[in-house]
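Sequences listed follow chains A and B, in order.
First residue of the first sequence: 1, per the numbering used here; consecutive thereafter.
First residue of the second sequence: 1001, per the numbering used here; consecutive thereafter.
Read through the structure below, which is laid out as structure tokens, and then see the notes.
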Amino acid sequence: MKGSIIKYERDNIDTDVILPGPYLKIHDYAELAKHAMEGLDKDFHKRVKPGDFIVAGKNFGCGSSREHAPIALSYSGVKAVLALSFARIFYRNAVDGAFLLPIEIDESAYHDISDGDSLEVDISKNEIKNLTKNKVYKMKPFPELIGKIIEAGGLFNYKP
Amino acid sequence: MSKTLFEKIWDSHIVVDEDGRSLLYVDRHLIHEVTSPQAFDGLRLNARKVRRPDLTFATMDHNVPTSDRSLPILDQTSSVQIKALERNCKEFGITLFDIHSPNQGIVHVIGPELGITLPGTTIVCGDSHTSTHGAFGSLAFGIGTSDVEHVLATQCIMMEKPKTFEIKIQGKRKNPHAVTAKDIIMSIIRKIGTAGGTGTVIEYRGDTISELTMEQRMTICNMSIEAGARAGLIAPDEKTYQYLKGRKYTPNNYDELVNDWRDNLKTDSGAKFDKSFTLSAENIAPQVSWGTNPAMTDDVTGSIPFPDEYGKGNPEEVKGATKALQYMDLKPGTPIVNIVIDRVFIGSCTNARLGDLIEASKVVQGKKVSSKVRAMVVPGSQLVKKNAEEMGLDKIFKDAGFEWRESGCSMCLGMNPDILAAGERCASTSNRNFEGRQGSGGRTHLVSPVMAAAAAINGHFVDVRELDLN
Ligand code: SF4
């Protein structure tokens, strides 16, 4: 999985900025995507390209249980969020609906990766290659169950 | 073996348990109009039924108008969502408290109020503040729409077992009318942080908790999610059993159940928690949030912090506070009581129950809302509204210049027309002060109902300990 980075050097990026409340009424996912990250970055939908990754700080996705948050990111093309940590419900929604990969990275990777860097993520090796800087970082491996659900393509496709 | 309350409820709901994951049985599933439509679409697509429509209850709360309900809903997209819920409940045989029902209200207000929430049960809802129901000793998780669909289809939820976190609150508050449950939970979040409870189920314990009313306990458990916890719990006691007696859906064999709960629903002495935190209630002051997450909070007697001081050398925290102050348009060093407000919102699943409105009305009685402030009260449910009106609270608020609305989430999340304009500053009894939460560009200060009421009258924050609230 290859993509370039949109970086927000911020902790606690909450679901209200990822997908502001007024848009929870929208059912069309492509339409939702136009409002992704609007609370934080009005230009996000112009900037984001299919396959991009977001890099952010601690507790990404805190707040509401709205699945609209990972859906909006997913339909705007974001394939993974690389963060220092995630809020639980966002993490779970992202995995269950197979919307995007929530990948935990460590402080050194977080500080090293810059906006616009080109990255390659290999979850089979738990490895992230920074193609721009020619460096390799470790990602935190997915817990076993999460790994299986991701492999199956979401909760509904997963058969224990 | 000694067990915590959480472990007892967890263990008694396991359907399958393998490799660290558990399939748990769900006793009650609450749904609302915003996070359920796609779940029902999914069921239809796969020709699945709702497994236990009798254990599923629906209400409409997030985007319903709080103005005159005899009028049609003007917002087309809201109207579509509301109609979809009506259609889905009818098709799948689910009890719905619709916009005209006397039992309509915010999902976390009506669950307990109708006796749907019971001790020792598991409850899920497509809403993060499901933690509220933990006040009754029920294990209650907020879930997303994929999980809503999964629970509708199977009445089970798959989870990895959370860790346990004991939060002990001890001692007497000096002025319990001025220092409320909201101030207790905000003090806790301020100290442990917005990720302090990550991966855990919190059990709130201690004599301060025992003294709280059921409504106040709900305020505490409600904001567990703001500390990042999966759920919050309080062991049930006689107050709990009394509260639930004779409600609409309280089971017929209630007395029998209570006997069983009395024996079992507590943490055994000697049971171990993975983590523990203790707070003394004696010196808690009324709290006011100044930033853009609930941990950015200070005593009403405090002042806006300097980001360097607040961050204590952690560059990310310093940056976070700097950005928050920019957004909030506040200068470091400003005394909190000097912050002038434009709007007041008394409402939400945190603080819109009868007790909250009674306490706030004491501040308001015989006074007038500041001419510079627009203030509103949005009762948590139609039942709260009715009871409040029977006590004449609506009159007290209206005479003072408050708007008195129909029940719903309203300005807590700004999905309906009740929103802040950009730049407006609001004293709000809700639970989230995130950027734009109450309207794009709006600025939220989280406070208790008495603090919000006093701010409405004075046009700025005041220390409610100085008022006579008895
Ligand atoms: S009142 Fe606010 S926090 Fe509570 S359920 Fe409604 S939107 Fe969510």
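Cβ coordinates follow ideal geometry from the N, Cα and C atoms, glycine included.
Cutoff 8 Å: Leu24(A) Cβ touching any chain B Cβ: yes
The segment 1018-1036 of chain B in contact with the segment 1164-1184 of chain B per 3-pair CB rule at 8 Å: no
Bridge-paired residues (DSSP) for Gly3(A): Leu119(A)
Test: Met1328(B) CB closer than 8 Å to a CB of chain A: no
Start-to-end residues for the beta strand (DSSP E) that takes in Gln1365(B): Where Gln1365(B) is concerned, there is no enclosing beta strand (DSSP E), given that its DSSP letter is neither H nor E.
Glu1390(B), enclosing alpha helix (DSSP H) - first and last residue: 1382-1390
Asp1418(B): CB within 7 Å of a non-hydrogen atom of ligand 1: no
Straight-line gap, Ser1187(B) to Ser1448(B) (C-alpha atoms, nearest Å): About 12 Å.
Supposed contact pair Gly57(A) and Arg10(A) - C-beta distance, whole angstroms, cut 8 Å: 5 Å
Cα-Cα separation between Val17(A) and Glu1317(B), rounded to whole angstroms: Roughly 19 Å separates the two Cα atoms.
Beta-carbon contacts of Ser1078(B) that lie in its chain and below 8 Å, excluding the five residues immediately before and after: Asn1063, Val1064, Pro1065, Met1415, Asn1416
Cβ distance (whole Å) where Ser114(A) is taken to contact Lys7(A) below 8 Å: 7 Å
Partners in chain A for Gln1081(B), counting only beta-carbon separations shorter than 9 Å: Leu24, Lys25, His27
Contacting residues, own chain, Cβ-Cβ under 8 Å from Ala1454(B) (five flanking each side not counted): Val1363, Phe1461, Val1462, Val1464, Leu1467
Simplified DSSP state of Leu19(A), which is helix, strand or coil: coil
Host beta strand (DSSP E) of Ile103(A) (start-end): 101-104
Short Cβ contact (8 Å threshold) for Thr1267(B) with Glu1203(B): yes
N- and C-terminal bounds of the alpha helix (DSSP H) containing Gly1214(B): Here residue 1214(B) turns out to be Met, not Gly, going by the sequence shown. From DSSP, the alpha helix (DSSP H) with Met1214(B) extends over 1214-1222.
Cβ contact check for the segment 1270-1287 of chain B and the segment 1128-1141 of chain B: 3 or more pairs under 8 Å: no
Every unbroken alpha helix (DSSP H) inside the segment 1141-1184 of chain B [4 residues or more]: 1145-1154
Secondary structure of Ser1067(B), DSSP reduced to three states: Under the three-state reduction of DSSP output, Ser1067(B) falls in the coil class, being neither helix nor strand.
Same chain, Cβ closer than 6 Å to Ala87(A), neighbours up to 5 away in sequence not counted: Same-chain partners within the cutoff: Asn59, Gly61, Cys62.
Near-chain B residues of the segment 88-99 of chain A - C-beta to any C-beta below 7 Å: Arg88, Ile89, Arg92, Asn93, Asp96, Gly97
Ile1189(B) CB to nearest heavy atom of ligand 1 below 7 Å: no
is_contact[Ser1269(B), chain E] using C-beta, thresh 8 Å: Checking the listed chains, one finds no chain E in this structure; the protein chains it contains are A and B.
heavy atom of ligand 1 below 7 Å from Ser1407(B) C-beta: no
Opposing strand residues paired with Ser973(B) [DSSP bridges]: No information on residue 973(B) is available, as it lies outside the stretch 1001 to 1470 that chain B covers here.
Neighbour list for Ile1143(B) in chain A, Cβ cutoff strictly below 8 Å: Ser65, Ile89, Arg92
Host beta strand (DSSP E) of Asp1027(B) (start-end): For Asp1027(B), there is no enclosing beta strand (DSSP E), as DSSP marks it with neither H nor E.
Inter-residue spacing [alpha-carbon to alpha-carbon] between Asp1381(B) and Glu1389(B): According to the sequence displayed, residue 1381(B) carries Ser and not Asp. Using only the alpha carbons, I get a separation of about 12 Å.
8 Å Cβ cutoff met for Leu100(A) and Val121(A): no
Host beta strand (DSSP E) of Asp1299(B) (start-end): Counting along the chain, the beta strand (DSSP E) containing Asp1299(B) begins and ends at 1297-1299.
Classification of Lys1385(B) by the beta-carbon crowding that lies within 10 angstroms, buried from 16 upward: So Lys1385(B) counts as buried.
Cβ separation of Ala1452(B) and Val1344(B), assumed to be a contact under 8 Å, to the nearest whole Å: 5 Å
Residue nearest to Pro1379(B) in terms of C-alpha spacing, selected from Thr1429(B), Gly1333(B), Ser1370(B): Thr1429(B)
Boundaries of the alpha helix (DSSP H) in which Ala31(A) is found, first to last residue: Here residue 31(A) is Glu; the residue named in the question, Ala, does not match the sequence. For Glu31(A), the enclosing alpha helix (DSSP H) stretches over residues 29-33.
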